[in-house]
Amino acid sequence: MRRICKWFLFFSVLIGGGALHGAVPKVRVRLFSGQNMSQVLMSGASLTAELYGLGADSAIQASTFMVEQAQGKLRVESEGRPDMLVDSLAITSRKPLYFLGPKGIKRYLPGKVVLKPRGGAYVLAVNVLDMDDYLVGVVHAELGRLEHPQLWAAQAAVARTWFARNQRKFFEQGECYAVTDDVQSQVYHGWPADTARLKRLQTAVALTSDQLVVTAAGRPAEALFHANSGGQTMPSGWYFSERAYLVSVPDSFSLDCPQTHWTKSLDKEAYIAQMAAWLRQSSNDSAFRRFVCTYQQPVRAEWMVYGGHSVRLRTIREHYKLRSTWFSVKDGAGQVTLQGRGYGHGIGMSQEGAHVMAKKGYSAPEITGFYFPGTHLVRWDEAKWVD
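Add 94 to the 1-based position in the sequence shown for our numbering, that's all there is to it.
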């Protein structure tokens, strides 16, 4: 039987739940996912804290709240009031609030922030917000300096589709949130404080509001993205199961971008020794040494093959922390230089390529259709779902 978090019911009542199918659900995103927080500070023009576990639930207003774990509960401090110990609380504001997390990192958050104890000494913070408000933050964080309304609209549709397919993952693990705010899910650091950029993001996200990338059968696609394809996307079958819409696509839009090319130098003898171990060869064999030191990959490949043995290029990438699996090798004195193309896993939408497409006049549906062949956009409530 699946383990169900006891706090899931609390969250569902608190925010009114969220439908998996039909209406677009609220998003529950864990804040500062990779860090343990013992104390948090929230501030805003007018904050309301709904307090639970005082015997009778109550609400108080203040401009700041300091929250820390104490004796398995949360100690809440606010100006002009004695400290309170509660089981959990929810902070709302008429405007986005400021959330001060570990190392003094400040985030500007729309929606509601729900807090509860976690473990013996920490505070779990979950931002509960509307889907498009969440996507404004995702597009802002994931695309950084890349800016164009149609690029942002395409990224929003892709990110919404990713959420649609993955929204159950953490709940099924017994957690009380749908996604994290880091690369385990999609990067979300709240909204930009720059109001002009925020307004542009909101306008762009609205262009594809409620829309999903769906397959020819109308089901949400596995909408993956990466920084740059290097000029050719990778089929999903090289990383996981095959998808008809995640095939290798020639991508000229990604050929002349900041992250198209990369290099990395390695100690020559250590490199040869590692390749010999993977390919089960002698590191002293002259033909083998020549092969691995002058290896060429004119088009994307899945494996490096020699003498009847092979190693996944993905394994090499992960071992050496390379930007991609697409590289050739240049021999040198005492070292080899890996000359590569692209940045990321290479599956699905190339963000830099999509940026070029947008600047050339392509629309968001055309961008997603190019990188996910055979797909189209439909509204959330029009998609076909399979449990």
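Glycine included, C-beta positions come from ideal geometry on N, C-alpha and C.
Note that the structure is a prediction, hence the values are computed from the model and not measured.
Looking at the secondary structure, which residues open and close the beta strand (DSSP E) in which residue i lies?
i: Lys167; result: 167-171
i: Arg122; result: 121-124
i: Leu183; result: 182-187
i: Arg175; result: Counting along the chain, Arg175 falls outside any beta strand (DSSP E), and DSSP gives it neither H nor E.
i: Leu191; result: 191-194
i: Leu432; result: 429-435
i: Thr354; result: Thr354 -> no beta strand (DSSP E), and no H or E assigned at all.
Helix, strand or coil for residue i per DSSP?
i: Gly112; result: Low confidence applies here, because Gly112 scores a pLDDT of 44, under 50, leaving its location unreliable; read the following figure in that light. Reduced to three states, the DSSP call for Gly112 is coil.
i: Pro467; result: coil
i: Arg96; result: Because Arg96 sits at a pLDDT of 37, beneath the cut-off of 50, its placement in the model cannot be relied upon, and the following sentence gives the value as read from the coordinates. Three-state DSSP puts Arg96 in coil, outside helix and strand.
i: Leu209; result: strand
i: Met131; result: coil
i: Ile199; result: coil
i: Tyr456; result: coil
i: Glu476; result: helix
i: Thr419; result: coil
i: Ala139; result: strand
i: Leu373; result: helix
i: Ala219; result: strand
i: Glu396; result: coil
i: His403; result: strand
Since residue i is in the alpha helix (DSSP H), which residue starts that stretch and which ends it?
i: Gln244; result: 243-260
i: Glu446; result: 445-453
i: Gly231; result: 225-237
i: Ile482; result: There is no way to answer for residue 482, as the model of the chain reaches only from 95 to 481.
i: Gln391; result: From DSSP, Gln391 is part of no alpha helix (DSSP H); its letter is neither H nor E.
What does a CB cutoff of less than 8 Å around residue i pick up in its chain, not counting 5 residues either side in sequence?
i: Trp397; result: Ser404, Val405, Arg406, Leu407
i: Val281; result: Val232, Ala235, Glu236, Asp275
i: Gly401; result: Leu373, Arg374, Gln375, Phe382
i: Leu209; result: Val134, Val161, Leu168, Ser182, Leu183, Ala184, Ile185, Val217, Leu218, Ala219, Val220
i: Tyr414; result: Lys358, Leu360, Leu432
In its own chain, which residues sit with a C-beta less than 7 Å from the C-beta of residue i, not counting the 5 before and 5 after it?
i: Val308; result: Pro314, Ala315, Thr469, His470, Val472, Ala477
i: Pro190; result: Tyr202, Leu203, Pro204, Trp285
Excluding five sequence neighbours on each side, which residues of the same chain lie with their C-beta closer than 6 Å to the C-beta of residue i?
i: Lys362; result: Gly428, Gln429, Val430
i: Leu292; result: Trp285, Pro286
i: Leu223; result: Val121, Pro204, Gly205
i: Thr357; result: Thr431, Gln433
i: Ser377; result: Ile366, Ala367, Ala370
Just checking: is the beta-carbon of residue i within a distance shorter than 8 Å of some beta-carbon in chain B?
i: Leu340; result: Checking the listed chains, one finds no chain B in this structure; it contains a single protein chain.
| query | Are the segment 261-268 and the segment 205-219 in contact at 8 Å, needing three or more beta carbon pairs? | reply | no
| said: Would you call the segment 440-449 in contact with the segment 373-386, where contact means no fewer than 3 C-beta pairs closer than 8 Å? | reply: no
| Contained alpha helix (DSSP H) runs [length at least 4] in the segment 266-346, N- to C-terminal order | 289-301
| task | Check whether the segment 136-148 touches the segment 176-184, taking contact to mean three or more Cβ pairs, one atom from each stretch, closer than 8 Å. | result | yes
| message | Under 8 Å, with one C-beta from each stretch per pair, do the segment 293-303 and the segment 247-254 reach the 3-pair mark? | response | yes
| Counting Cβ pairs closer than 8 Å, one from the segment 325-342 and one from the segment 454-469, do we hit at least three? | yes
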